[in-house]
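Visitor: Let me begin by handing over the structure; questions about it come next.
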Amino acid sequence: MASWKRTHTCGELRLEHADSTVTLNGWVQNYRDHGGLVFIDLRDRYGKTQIVFDPKFDPTMHELARSLRAEHVVSATGIVSDRGEARNPKIPTGDIEIKARGLIILNRSEVPPFEIGTEEEPASEDIRLRYRFLDLRRPKMQRILMLRHQIVTAMREYLNSEGFLEIETPILSRSTPEGARDFLVPSRMHPGSWYALPQSPQLLKQILMVAGYDKYYQLARCFRDEDLRANRQPEFSQLDLEMAFVDMDGVLSVVEGMTLHLANKVMGKNLVGPFPRLDYDDAMERYGVDKPDTRFGLELVDITKLAHETEFSVFKSAGCVRGINAKGAAEKFSRKDLDQLTAFVQEQGAKGLAWMKVEADKLQSPIAKFFSDAQQAELRNQLQAEAGDVLFFVADAREKTHAPLNALRNKLGEDLKLYDPAELRFLWVIKFPMFEWDETERRFIAMHHPFTAPLEEDWPLLETDPAAARAQAYDLVLNGEELVSGSIRLHQHEKQMKIFELIGMNKEEQEKRFGFFLEALRYGAPPHGGMAIGIDRCVMEFAGVDSIRETMAFPKTQRGQDLMMGSPAEVEPKQLRELGLR
RNA sequence: GGGGAUGUAGCUCAAUUGGUUAGAGCACCGGACUGUCGAUCCGGAGGUUGCGGGUUCGAGCCCCGUCAUCCUCGCCA
């Protein structure tokens, strides 16, 4: 008996291989039994190839072939043959088929709960997660995980070529409150003490800078025990990067070079830098969000001044009224659609949604009557309105208009198909505020994180008006998703202590929580800065999927469970006793 | 913790106003078939309508509770 080991994959044979004898290994995707001829589509992650069994050649093998079912694993040996007229133009290997001379069933499969070979989603997500070993066998999932591999490979390639060192930091780490809830791991050897899983390797990578590893990166697993979303998992991956002896432009140019390398090499784009930069304040003004999707316009227009002059009491009394002009969309929105949009923005915190359909000679709207002719003309002017447009307005305190308007803008962009989903549009957002006020804790908290340096010229503001101080922090936004986030760090321990103080941490707490870090800063810490890229979100964007669960092999459900292995799970009482927990 | 959607055959879904024996496609099982490629044709089997309770002469459908999955607000330095 010949070897069952494959000589080729199921995706590589072409006409040029005709007449050679080959062996393929793979899963049976489909069988077509004609009583006489039996056709098998054999699939692996490289593709699929048709095998044909002819009873005239070997009746025993033909009978065996008739017993093949979906997802059996087989080794098929045979001769590569030109299919001639019978070729299948739909698949890359469709010019040839294998005329079987040998068949070994390596393993049979139970009837799978859903079909593996189809492109459309074959089952609901919980079924797919429960049978993840089958779900991941689907060509679509294999494409995504292969893309993910290419992305991280390209990242490593680029950074290695730039002289970066890949250095690992511990998973068993220490809780440093501030930020997300930690996952804790009890220590057996120190009962009552706990490790924490890292939310990011932030402090350790800064300490690596102190130690002189001036270009560092790591594909770091990060853990945050917070509620999940479509783009949030309790554990996720970051490309974590830090550089010493750089300023903001130094970091940005490396990240930009790497991002272009990724987009161009992996995605076959032809993008060039530099990416546009937008100040945080301008982003909030024009888009209502710090991560605008700039593939389309629909910028916000502030009509507060005009609104205050109208007779519409909601507008007159609101702190801020801002609008969006949905160009040419009047006929696309029925009254029912507009009601649904109103409900949509209310979910985002808006009190309501005012709308106006623009006609040649008037504005059609329940609130048009509150606007004088001159005011209507001015409104048209400010929003550059033309017949056929729909104008939307949200009125509220300024901060409260941001979320609903951004959500509305993104929804309109998507619903009205204002952009090409395949386009990759990058944008730097810079000059974030240092702090935001936390009403429940009655103190400032760091907007990025408390290790971020302010703009040099804003140091004086920290004494007089901390809320106005801006940080040397930067985000790289891709299609409305925050892809990269980073900052130049504080490297002088007095300045670091000053910032800790401003967020309400006294010297005692500083020493207790971050003593090791402050100490390191005293021993010749160089100026440094860096950033982190969310790998999973990056894959989401590049693969064009809208759930982070599609980008990782074994994701957890919204309630943090693995439906296949059944985690989290109870453990033996003995294990708890050893940990001193019971 | 709050709001919302969904849950019917292995899978995806349907089932009129609460009314006869809960249907279809795919998958599965048996049979026919030598050029199919989502094979085709004939036949068959397959149901705790998520779970528990209630209303009713009668519940897949209405009510209450609960569980699961998803979306979302809060949360995520």
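Counting the first sequence from 1 gives a position; our numbering is that position plus 52.
Where is the CB? At the ideal position from N, CA and C, for every residue including glycine.
1. What span of residues does the beta strand (DSSP E) with Ile497 cover, start to end?
2. Under 6 Å Cβ to Cβ from Arg495, same chain only, skipping five residues before and after it: list those, please.
3. Let me check understanding here. Comparing Cα to Cα, which of Glu399, Glu177 and Arg541 lies closest to Met295?
4. Going along the chain, which residues of its own chain have a beta-carbon closer than 7 Å to the beta-carbon of Glu351, five neighbours each way excluded?
5. Reducing DSSP to helix, strand and coil, say where Lys57 ends up.
6. When DSSP builds the beta bridges, which residues end up paired with Met295?
7. When the Cα atoms are used, what is the spatial distance from Thr42 to Ile148?
8. Quick one: which unbroken alpha helix (DSSP H) runs of 4-plus residues sit fully inside the segment 342-421? Chain order, please.
9. With a threshold of 16 other CB atoms inside 10 Å of the CB of Leu217, please say whether the residue is buried or exposed.
10. Compute the Euclidean distance between the alpha carbons of Leu249 and Val104, then round it to the nearest angstrom.
11. Only counting the same chain, and skipping five residues up and downstream in sequence, which positions put a Cβ closer than 8 Å to that of Leu67?
12. Determine which residues share a DSSP beta bridge with Phe185 and list them.
13. Have a look at Tyr83, Gly401, Gln254 and Gly88 and flag the residue whose alpha-carbon is nearest the alpha-carbon of Val126.
14. Do the CB positions of Asp342 and Glu534 come within less than 9 Å of each other?
15. Based on Cα-Cα distance, which residue from Glu173, Gly404, Leu255 and Gln428 lies nearest to Lys414?
16. Compute the beta-carbon to beta-carbon distance between Arg477 and Asn531, rounded to the nearest angstrom, for a pair I have assumed lies under 8 Å.
17. Under 6 Å Cβ to Cβ from Ala595, same chain only, skipping five residues before and after it: list those, please.
18. According to DSSP, is Leu314 helix, strand or coil?
19. Between which residues of its own chain and Leu628 is the CB-CB distance below 6 Å, once the five residues before and five after are set aside?
20. Under the assumption that Phe364 contacts Ile419 (Cβ atoms under 8 Å), give the Cβ distance between them as a whole number of angstroms.
21. When the Cα atoms are used, what is the spatial distance from Cys62 to Pro144?
22. Identify the continuous alpha helix (DSSP H) that holds Thr205 and give its terminal residues.
23. Rounded to whole angstroms, what's the CA-CA distance from His69 to Glu177? Just pull it up for me.
24. Mapping the DSSP letters down to three states, classify Pro506 as helix, strand or coil.
25. Tell me whether Thr228 sits in a helix, a strand or coil according to DSSP, three-state version.
26. Could you give the DSSP three-state label for Glu64: helix, strand or coil?
27. Comparing alpha-carbon positions, which option in Val262, Leu390 and Leu116 lies nearest Leu443?
28. Please identify the residue among Ala315, Asn558, His580 and Met616 whose C-alpha is closest to the C-alpha of Leu260.
29. Please go through the same chain and pick out, in chain order, the residues whose beta-carbon is closer than 6 Å to the beta-carbon of Ile156, but skip the five residues on each side of it.
30. With a threshold of 7 Å on Cβ separation, who are the neighbours of Phe422 within its own chain once the five nearest residues in sequence on each side are excluded?
31. Select from Pro253, Lys409 and Glu214 the residue whose C-alpha is nearest the C-alpha of Ser386.
32. Figure out for me which residue from Arg95, Phe91, Thr101 and Asp96 has the closest Cα to the Cα of Ala117.
33. Are Val665 and Leu457 closer than 9 Å when you measure CB to CB?
34. Take the Cβ of Val298 as the centre, count every other Cβ of all protein chains shown within 10 Å, and call the residue buried at 16 or more, exposed below.
35. Kindly indicate which three-state DSSP category Tyr247 falls into: helix, strand or coil?
36. With a 10 Å radius around its C-beta and 16 neighbouring C-beta atoms as the bar for buried, classify Gln548 as buried or exposed.
Guide: For this structure:
1. Arg495 to Ala498
2. Excluding residues within five positions, the ones whose Cβ falls inside 6 Å are Gly556.
3. For Met295, the nearest C-alpha among the options comes from Arg541.
4. Excluding positions up to five away in sequence, the list reads Arg338 and Tyr339.
5. coil
6. Lys267 and Gly581
7. No answer is possible for residue 42: the residues shown for the chain start at 53 and end at 634.
8. 356-361, 365-369 and 387-399
9. exposed
10. 53 Å
11. Around Leu67, the same chain offers Asp134, Asp147 and Ile148 as residues with beta carbons nearer than 8 Å, after the five sequence neighbours per side are excluded.
12. Answer is none; Phe185 lacks a bridge partner.
13. With distances taken between Cα atoms, Val126 lies closest to Tyr83.
14. In this structure, Glu534 lies closer than 9 Å to Asp342 by Cβ.
15. Gln428
16. 6 Å
17. The beta carbon of Ala595 is closer than 6 Å to those of Ile196 and Leu199 in its chain, skipping five residues each way along the sequence.
18. helix
19. Arg634
20. 5 Å
21. In a straight line, the C-alpha of Cys62 is about 10 Å away from that of Pro144.
22. Here the alpha helix (DSSP H) through Thr205 covers Pro191 to Ser213.
23. Going from the Cα of His69 to the Cα of Glu177 covers about 40 Å.
24. Note: Pro506 maps to strand in three-state DSSP.
25. coil
26. coil
27. Leu390
28. Here the closest residue by C-alpha is His580.
29. Trp56 and Ser127
30. Within the same chain, Phe422 has close Cβ partners Thr362, Glu363 and Phe364.
31. Lys409
32. Looking at Arg95, Phe91, Thr101 and Asp96, the one whose alpha-carbon comes closest to that of Ala117 is Phe91.
33. Residue numbering for the chain in the displayed model covers 53 to 634; residue 665 lies beyond these limits and cannot be assessed.
34. By the Cβ neighbour-count rule, Val298 is buried, with 16 or more other Cβ atoms within 10 Å of its own.
35. strand
36. buried
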